[in-house]
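Data first, discussion second: the structure below is written as structure tokens.
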Amino acid sequence: MSIMPFLILGIGVDDAFLLLHCWRKWSRIEPILELRMASVVQEIGPSISITSITNMLAFTVGVFSPSSQLSSFCLSTTIAVMLDYIFEFTVFLPCAVWTGKFNSFMPVKNTANSKKKNGWNTYAKFITSRKARSHVSLCW
Numbered sequence: 150m151s152i153m154p155f156l157i158l159g160i161g162v163d164d165a166f167l168l169l170h171c172w173r174k175w176s177r178i179e180p181i182l183e184l185r186m187a188s189v190v191q192e193i194g195p196s197i198s199i200t201s202i203t204n205m206l207a208f209t210v211g212v213f214s215p216s217s218q219l220s221s222f223c224l225s226t227t228i229a230v231m232l233d234y235i236f237e238f239t240v241f242l243p244c245a246v247w248t249g250k251f252n253s254f255m256p257v258k259n260t261a262n263s264k265k266k267n268g269w270n271t272y273a274k275f276i277t278s279r280k281a282r283s284h285v286s287l288c289w
């Protein structure tokens, strides 16, 4: 049972990644948020539905296992996959639309300046430097 949250998290993150990838792709094509959401659901909805239903059926078969621990694990995972499927379309996708509405009001910032300001370039240079590698080697 202790591995089930990570399993469900992996399934949910995969679905969220697919939705966001499709959302970003359609953001360049369709400026109207409602039509963009409809296009995203039309394109990615069948894929998420098929994988979620397949996962639910696979774990439902495991419910009939003679082992009580395996049976309870499969039952819990089946319910969690079902809830994940429901929440992807009823919570996550509307949040993406809401975020899209919020972003449409915000001015676009220059990405070159934001990269310098957030320090990721400095961090990446430090991690790949000899000083950092020698420090990690000594600590290891």
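In my numbering, the protein residues as written are 150 to 289. No residue lacks a Cβ here, since even glycine has one placed at the ideal position from N, Cα and C. Remember, it's a predicted structure, so these values are computed and weren't measured experimentally.
Since residue i and residue j should fall inside the 8 Å C-beta cutoff, what is the C-beta to C-beta distance between them, to a whole number of angstroms?
i: F213; j: V230; result: That pair is no contact at about 17 Å.
i: L242; j: L168; result: 6 Å
i: S250; j: L206; result: Looking at the sequence provided, one finds Lys at residue 250 rather than Ser. With 8 Å as the limit, K250 and L206 do not qualify as a contact, their Cβ atoms being about 37 Å apart.
Once you ignore the five residues that flank residue i on each side, which residues in its own chain have a CB closer than 6 Å to its CB?
i: R173; result: none
Tell whether a beta-carbon distance below 9 Å holds between residue i and residue j.
i: S201; j: D233; result: yes
i: F238; j: G194; result: yes
When the Cα of residue i is compared with those of the options, which residue comes out closest?
i: Q191; options: W175, P180, N204 and T203; result: W175
i: I235; options: G211, L219, I160 and Y272; result: I160
i: I157; options: N204, V189 and E179; result: N204
i: I152; options: G268, F222, A273 and K274; result: F222
i: P154; options: E179, T277 and T226; result: T226
i: R185; options: H284, T248, S217 and S216; result: T248
i: C171; options: Q218, V246, I228 and S216; result: V246
Sorted by chain position, which residues of the same chain lie with C-beta nearer than 7 Å to residue i's C-beta, five sequence neighbours on each side aside?
i: S196; result: L167
i: S188; result: W175 and E179
i: L224; result: V212
Can you find the residues in the same chain that come closer than 8 Å, C-beta to C-beta, to residue i, ignoring five residues on each side of it along the sequence?
i: S220; result: G211, V212, F213 and S214
Worksheet item: Residue ranges of each alpha helix (DSSP H) run of no fewer than 4 residues wholly in the region 180–251, ordered along the chain?
Response: 182–212 and 217–236
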